[in-house]
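Numbering (UniProt numbering), first residue to last: 1 to 130.
For reference, the structure is listed below as structure tokens.
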DNA sequence: ATAATGACATGTT
DNA sequence: TAACATGCCATTA
């Protein structure tokens, strides 16, 4: 299922790094599925609270380098900001920061090990200049 | 089966 | 820079 794959990718984002929704989607094999990533993370809130705290949802932001959640039952933009700050990423008051400075850029090798298809690896390289 | 719904991305104004 | 429009596509109703 798409959901499982996406969650797996999100779990691979290292401490102090971030990835955009579109980037996660691409790595999960859904080149244009950015919105789905957001959907999945939102629908997974309860599972996260259920104990699975190894899902770093706060490391996923939009490609403009801006926190884009509007606030849900359990998470708020401010919470995400705090989480990022705790990892050394200072988010400005307008909820933006320099994403390129912290973007998760796995090497093609790593991507291969993640079970990613060659065509997607190529797209990653082309788009994010690995 | 059809249509609406997003924690998005990009190009145009 | 910021607002707007259009494209996206798995889920859900």
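Just so it is clear, CB atoms sit at the ideal spot from N, CA and C, and this is done for glycine as well.
- The continuous alpha helix (DSSP H) containing residue 22 extends over residues 21-27.
- Cβ contact annotation for residue 95 (same chain, cutoff 7 Å, sequence separation greater than five): 66, 67, 77, 81, in chain order.
- For the 8 Å CB-CB criterion, residue 103 and residue 17 form a contact.
- The segment 12-32 makes contact with the segment 113-122; the number of CB pairs closer than 8 Å reaches 3 or more.
- Between residue 99 and residue 20, the beta carbon gap of about 7 Å places them in contact (Cβ cut-off 8 Å).
- One Cα belongs to residue 73, the other to residue 60, and the distance between them is close to 18 Å.
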